[in-house]
Structures are given as structure tokens and as C-alpha cells.
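Per my numbering, residue 8 is the first one in the sequence shown, and the count goes up by one each step.
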Amino acid sequence: MSLLLRRTARARWAPLLILGLLVLVTAFLAGAGPRTLVAGYDRAARETVAGAPFGSTDLVATAQISPVAPTDERLRARFPSATAGGLAAEQRRWLGLFPPTLRRTIATADTNAATQFMGLTGAGSRELSLAFSSTAPGHVRYVSGRPPGAPEPTAHGPRFEAALPVRAAQRLGVKAGDVVTTTSQPALDVRVTGLFTPADPGSGYWAAHHRYEDAELKKLQSGQIIILATALVDPSGYRALCGRTPFRIDLTWTYTPAASRVTARDAPALVEDVHRAGEALPTVRVDAAGPALDTRFDDILDDFVHRLHTTQTLLSLSLAGLFAAALGVLLLAARLLSARLGADLAVQAARGASRAQLAGLAGGLAALVTLPAAALGLPASALLVNGPAQPVSLAAAVVSAVIAIALPAVAAGRRRRRRVRPAHRRLVAEALLVVLAVAGTYLLRRRGLTSDTWASGVDPFLSAVPALLSVAAGLLLLRVLPVPLRLAGRFLARGRSAVPFVGVARASRQDATAVLPLVVLLLAVAVIGFGSTVQTSLARTQRIATYEDVGGDARADALTMDARVVDRVRRSPGVRAAVPAQTVDGARLLSNGDVADELTAVGVDLGAYRRMMAGTGLRIPAWPRTRPGDPVPALLSPAARRKATGGGLALSTDYGRRMPVRIAGTVARFPGRAPGEGFVLVPADALARATGGSAGSVSVFVRGEHLDVAALRRNVVQPDLGDAGAGTVTTYRMTHDAFTQGELGRLVGRGFGLTGVLVACYGTLAVLVILFAGAAERGRAVSYLRTLGLSRRQARSLAFVEIAPTLLAASAAGWVLGLVLPGLLGPAIDLRPYTGGSPVTHYVPDLPQAAGLAGGLLVFAVLAVFIDAVTAARRGLGGVLRIGDT
């Protein structure tokens, strides 16, 4: 048997080589694809955590040591948290209550304890808090004096030693060596032993520990500024605060997760772990109650999980199409091998070989190339592609190898069976595929691609729905296509040239072997069309959502309505047009004299704004015509519209007279307004008359090319308002980058692009395989026609005419299916995480992509003519018309 295998393999090396290469490529892609995706998901998780505002991912446990009567001070010294060592032990204790997955992400921990702010004798605008920090001493550098030590005993109590930040000491007006006294009861004497500055001012540590860098400033309603300074004490000073003073002490334990320890796989579990930790901590007492956990880590991860779900949804649909195309080409190559082995198997059957022996011969030949190819593909992906190995990779490689071996073996084992008409079986199989595709589409629209929990992941069957739809469409197309071809054949039979008639006739008589290449080509075009449509529609929605958020190419916001600011912005370099919008917060919507709602009033010239934003895709309403004396037209947000009931509507502000209004419509969004916020749009001149023209703030919407953002920021500044008059500038690019940038967004773009290229390659392979498979029969038909007077030029065009109907029909059906799929899949494709909450409702095709597809079809046609010409050139008439052929 081994000798027979070697001889047959040498004789049929070409189809075996094709099959082995396809298995090798499929195994490599099966290993590289999941590795790349999982590595990209993990990078996105780390990017999300690392890019969050500093301190927002910290898990902060807070508790307190309650105030006591002066006679009970000694009792507090017995609390475990009354010493620095006790605080450290509690820190480890709370960490032990975290679930294991959450505990593994924690990189650093910090403990802080501080008294409330106490007034200082002298000026009444100074207050001081004494604090202990386990980490601050390692981040400071003393520039004057020394670090604090143990409290000094005095006749009326301990004199505490503490160190201050340099800037806080300057605000308080103290220096190293000074003694300050609090106005609390009892009063505390505090000696300032030293002044320090941050050892590394650029460190992210100070974003969460600003109180140790400078004093805080609190502005009272009277306009008075209170200086709130925090002084650091050493462990002995903290022990004295707990055991020798009656004041309340606030305790915080801060746990900081490391971005490098967060993975996409753990993200859903971490969200639940944070909730469980928040429930576990209060069950353990510190004083009268247990610590409370405060963090935004779970919200940040939950938002990431939603975006990850959208990414996985899109890529799973695309990758399912790629896998189906690879499987189709693999089946086509295995079928080609079976066809090439037909003569060899017939000889062995004539010599008495059983079905099992024939199946063993065909399966063994396939195993000679598929097993080594699969064994090489997976290690090659591990060497060339970074990322963790995935079980699905091994499963896909095994499936591809089994299919490549089993199909030729099964086909060979059935050769000696009595022939049975397979029409009924084929109809049942095709009907089953159509039913599965329809049922999957129904389930996909109702349930979406995932199960009830994030951890369950994407449903494999529902991910394959687009591929099933493509297969069903291919089967239906193959059933329908012969009808128009036969009608066309009747018409072409009347023509003078035999090539169109013969080519169309051969195309209309294709058997079941034409199913696979047609389905693979249709699937490839559908995947390309689907990805193109989704990306084009997503980019369009992101562009419109950016304009809806910003209001133009840029938006300059100033704290107060000032015509000089508007003029300066208009004259900024690069500005082509500018429209100001006056904003009055705290306006009141009145109904029959009663306050119906408190909202934000925005005055804008919608006519000028529409002209400025023409061509951006924004739908900006217009003010209706009004007569003198009529109420002012108003556009209300949905939140405000729900409360605007009754008659006699009017708008009132604190800056002027009441303005009668009438509802002219509803506007869901307006630049600068948060979703769900209550606001009302009124004409700019009407709001200016009602408020005197200078009330509230102003937002200037700007259009222009090559805007000078630095100049805009300078021109929006109002120096007479101090720090509050700095203003802000929001640009289109800044907001659009927030939608489109990020690892997940790049992963979707690269995934669609690479999948499109790969399915196009598989489509090309399908066409090439079918051309090679039919080249001999087509050459024989051409040779016969040559004896009847067919010219060489006509012979070369026969391949084009024969393949053109299948190419055109499969490509047209695939492109239509690709355009319809995004809308057909409905709720399974939720792109709002990439558009700032705006749904993608209109799916439009990419015309350049369509032109590229048309060019690809032309390449296929030329390739068909070339292959046919090469094959015909190698075959003479004598090689076809043997003795006895008539």
C-alpha cells in the first residue's frame, strides 16, 4: 500500500500540492487570526485603563475614627487603625476581601489619614489639617527645615510637628520653625518643622495627591477665599492624633490597578468583582461601621466591555465569512483531488480493491500533505504572530485537516455503489440550508449575537448567519441562473457567431460542481460589500456626530457673552465663517405664570448657522415666519418638551423681561448640550433683547480650513475674569479622534481590510480551481469546434463567455447581499460606542469599492482567457480527435 501511495502521489502531485498549501494557509490563519484579535483586545483594555483620568481607576476605601469626648481620648488608641502599622494591616485586610481576579490587578496601595480642617489663630481665612500618608514622604524633597518627628510634651498637651508644602506655607504666611495654633476645642499647637516640594513634579502621583503639593482654595458666597492647607505628620504624630485628641479622623486606603495586568478576558469579571468588593468591605468594622468603596474603575471597564462587544460582533461576522470562504475553497480542492484520482481508483477497483481500500488510498494520499501542512501552520502562526494561543485555533486546524482527508476518502469509498439519483437529497440539503439561514436571521434580530451575559461571548451559530445567507443565496442563484441563460441561448442561437451560444449553453448546463465556486465567489463579494458598507456608514455617522457635538470645525466657549470675544474669534487665522450662540443657564419655562421647568436658553441665528454648515450632513431646522407681536418661536429638547404642557408659555431669566414663546418643534441635540439635558432654542435677536445682549455665556461655532487653534484659545480669553476667563476651544479633529482612534477602532478597520483581502484571494482561488478543472473539457469542445471552422480568436473568447455569467451573477448577488446585510442584521450591529451614542441608521455603499470590484471582475475575465489560451496551445487537434471519435 505504501508503494502504491508513493506512485499515486508522484502522478497526482499537482492537486495534492494545491490541497496541502490550502490546508497550510488555513491552519496558519486559524492560529494567527485569534492570536491577533486577542492581543488587540488586551492592548485595548490596557489602553483604556492607562488612558483614563489619573485616579479614576483607583479603588478608594474610606472610613473614619469618630470624634469622642476629651475624657475618652485614650480609648481610641486601642483601635487597630490608630497606628501606622495598624493602617498597613487594615490595608492588607481590605485587599484580602477583594475577589482574586481583582486582587491580581492591584499594583500599588496607599494609606492616608487626616483630621478635618481647623481654623488658625490670626487671620480668619486660614485652616489647617494634620495628615499622615504612607507614600507621600517618598515623593517629596525638603527645601527648608527637616521632616516632622514625635510630638513635644507640654503642660497643656502635645505640640505636634508637621511639614508643609512650600506653596501652602507661602499662602499661610509661615516658614520652617514657626508654631501655629488652631482655633479648635481643644486647641492644638503645631510646629512647622520643614517645607517640601514634589521630588518629581511631573509624576502622576500628584494628580491624586494635590493636597500635599499646594493648599486648596475655597470661595465662599460672600466672595471670601479660604486657604485650606494640609500638613504631614510622622507615624508617632498620627498615633498621638488618635490617642490624645478627640477630633474625627478620616481614613482612606487607595488601591491602584496596573494597566498591564488588565486583560479583555478579565474585564467583565472585574466589573462584577468591584461590585462584590463594595459589598464585602462594609461588613467589617473599623470604628462604628466598615469602610465604603468608591471607584470609577467598574464604569470605565463596563464602557470598555460594551465597545469590546461591538468590536467582537463586527469581527465575528466578518471572520465567519472568511472561514466559510476558506472552507469552500478547501472543499473545492478536495473535490478536484477526487476527480483527478478517478482513473487510478477505477484501476484499483478493477483489480478487486474494496471500498475500504479505495477510501484508505484516497484518504492516505490526502493525509500525506494535509497532516504535515496543518502541523506546520499552527507553529508558524505562533512564531510570526504575537498573542496568546487560543483553543479555537487548534479546533479549526483539526477541522480543516479532517475535511481535506475525509472528503476524498468518502468519495472514493462510494465509487462502487449503485448510482442513485441525488436530486431529492440535494433538494432537502439546500432547503435545510435556506431554513437555517432564515431562522438564524430571525434569532439574530431578536437576540443579538451574544448570550445573556458578556462572559458567554459571541454565539458561533449566529455569527455564521451571514455566511449561511450567502450560501443560501448562491444555491438559489444556481437554481435560477439557468433559466435566463437558456432564454439568452435561444436568442444567441440566431446569431452568426457560435461562441456566444456555445459559451452560454455550457454555462447553463453546469452541474453541482459549480455550486462551490459560485458560493465562494458570492461569499467573498458579500463580505467585501458588507465591510465596505459598514465602514463607509460608520465613517459618515462619526463625521455627522462630530459636527453635532462640536458645532463646526471648532467651537470657542467663553464664560460671559462679550461681543469683543466674538469679533476676535471671527478674525482668527483660518476662520471662514462664525456664528455665535448666547447661552443662559437657569432660565425658567413658564406655563400660565407657573414655573414648568428650569432649563438652558440658547439664542442662535439658525439661518446663518444652516448656511455655514451646508454640506456637512447636519439637519438644522429653520425658524418659522412670525409677525410683529407674535410669541417667539422656540425649539425644545425632548426633556423640556415633556414638561411644556398647558398654554401661556413664556421664558424668563434673571437678566431681563419675560419673553412669550410658542413651540415650533423639537430638537434632539444641539452642539454643546449634553444628551438628555433640558434646553430651548430661540432666535438670537429675541434672546438678546430679553436679556440686554450681554447675559450668560457664549459659544462661537467656527468653520474654516487650517484653523490656528492656539490663536483661537488666545482670542477667547477674558483677562478681566482671571483664571475663570480662560475659555475653552473644542475642535473637530479632537472630537473625531476620540471616536475613531483607539486600539478597538484600529482593530475593526484592519480586520475588515485584511478580511476583505483574504476573501478576495479565496475567491480568486475558487475561480482558478474551477477554470483549471474545466480546462480539459473546454479544450476538447474548442478542438471539436475548430474542425467546424472556429477561429483561434473565437476560441480564446469562449472561456470568457463561459465564465462571465457566473462571475457577473455571483458578484452582483454578493454585492447586493453585502449592502443589505447591515440593515438585515438589525440590532446585532450596534455601532453607538464608536459614534458617541448616535445610531447608524443609513447604510450606504462605498462607490470606489464598487469600482474596484468591477475591475477585479475584469481581471478574472482576462485570467480566464489567458488560462484557456495556454491550455489550448498545449493541446493539438490530434491529441483530442483520436481514432474512432466522430
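The beta carbon of each residue, even a glycine, is placed where N, CA and C say it ideally should be.
Quantities reported herein were computed from a predicted structural model and do not represent experimental measurements.
Query                                                                                                                                                                       : Result
Using 8 Å as the Cβ pair cut-off and three pairs as the minimum, do the stretch 645-657 and the stretch 594-602 touch?                                                      : yes
Kindly confirm or deny that the stretch 373-387 and the stretch 17-27 touch, where touching means at least three C-beta pairs closer than 8 Å.                              : yes
Would you check if the stretch 244-253 and the stretch 55-64 touch, i.e. whether three or more CB-CB distances between them fall below 8 Å?                                 : no
Could you say which of Arg753, Pro812, Glu555, Thr128 lies nearest to Ala194 if we only look at CA atoms?                                                                   : Thr128
How long is the line joining the alpha carbons of Leu443 and Leu475, rounded to whole angstroms?                                                                            : 7 Å
Going by DSSP in three states, Asn119 sits in which element: helix, strand or coil?                                                                                         : strand
What residue from Ser151, Gly825, Arg452 has the CA that sits closest to Asp837's CA?                                                                                       : Arg452
Could I get the ranges of all uninterrupted beta strand (DSSP E) runs contained in the stretch 524-576, with 3 residues as the minimum, in chain order?                     : 561-565
Leu530 to Ala332, Cα distance in whole Å?                                                                                                                                   : 7 Å
Which value, in whole angstroms, describes the spacing of the CA atoms of Leu104 and Thr259?                                                                                : 16 Å
According to DSSP, is Glu168 helix, strand or coil?                                                                                                                         : strand
Assign Gln589 to buried or exposed, taking buried as 16 or more other Cβ atoms, counted over all protein chains shown, within 10 Å of its Cβ.                               : buried
Going residue by residue through the stretch 202-232, where are the continuous beta strand (DSSP E) segments of at least 3 residues, counting only ones entirely within it? : 223-226
Report yes if the CB atom of Leu658 is closer than 8 Å to the CB atom of Ala565, and no otherwise.                                                                          : no
Measure the alpha-carbon distance for Tyr149 versus Pro155 and round it to whole angstroms.                                                                                 : 11 Å
Going by CA-CA distance only, name the one from Arg218, Ser210, Ala647 that's closest to Ala120.                                                                            : Arg218
Candidates Leu613, Gly131, Arg283: which alpha carbon is nearest Arg626's?                                                                                                  : Leu613
What does a CB cutoff of less than 7 Å around Ser88 pick up in its chain, not counting 5 residues either side in sequence?                                                  : Ile72, Leu94, Glu97, Leu258, Val293
Cβ of Val526 within 8 Å of Cβ of Gly756?                                                                                                                                    : no
Would you mind reading off the limits of the alpha helix (DSSP H) that contains Ile25?                                                                                      : 20-58
Using the Cβ count rule (16 or more neighbours within 10 Å means buried), how would you classify Gly749?                                                                    : buried
In chain order, what residues of the same chain have a beta carbon less than 7 Å from the beta carbon of Thr747, not counting five sequence neighbours either side?         : Gln549
Take Trp461 and list the residues in its own chain whose beta-carbon comes closer than 7 Å to its own, dropping the five residues that flank it on each side.               : In this predicted model, Trp461 has a pLDDT of only 41, less than 50, meaning its place in the structure is not dependable; the value taken from the coordinates is given anyway. For Trp461, where only same-chain residues beyond five positions count, the Cβ hits under 7 Å are Pro275, Val312, His316.
Expressed to the nearest angstrom, what Euclidean distance is found between the alpha-carbon atoms of Leu239 and Arg85?                                                     : 23 Å
Would you mind listing the beta strand (DSSP E) stretches within the stretch 297-385 that are 3+ residues and don't spill past its ends, in chain order?                    : 299-301
Just list the alpha helix (DSSP H) runs in the stretch 812-854, keeping only unbroken ones of 4 residues or longer that don't cross its boundaries, in chain order.         : none
So, do the stretch 433-447 and the stretch 468-488 have three or more beta carbon pairs nearer to each other than 8 Å?                                                      : yes
In three-state DSSP terms, what is Ser504?                                                                                                                                  : coil
What residue from Thr261, Val435, Thr318 has the CA that sits closest to Ala51's CA?                                                                                        : Thr318
With a cut-off of 8 Å on the beta carbons, I'd call Leu44 and Gly384 a contact; round off their distance for me.                                                            : Going by Cβ atoms, the distance from Leu44 to Gly384 rounds to 17 Å, so no, they are not a contact pair.
Return the chain-ordered list of same chain residues with a C-beta closer than 8 Å to the C-beta of Arg503, the five sequence neighbours on each side being excluded.       : none
Where do the N-terminal and C-terminal ends of the alpha helix (DSSP H) with Leu643 fall, by residue?                                                                       : Not the alpha helix (DSSP H): Leu643 falls in the beta strand (DSSP E), residues 639-643.
Could you say which of Ala389, Pro398, Val417 lies nearest to Leu368 if we only look at CA atoms?                                                                           : Val417
Go through its chain and collect everything with a Cβ distance to Val639's Cβ below 7 Å, but skip five positions before and after it.                                       : Met666, Pro667, Val668, Val689, Pro690, Ala693
Under 8 Å, do Leu499 and Val511 count as touching if we go by C-beta distance?                                                                                              : yes
Jot down the residue ranges of each uninterrupted beta strand (DSSP E) in the stretch 598-672, minimum 3 residues, whole runs only, in chain order.                         : 601-611, 639-643, 656-659
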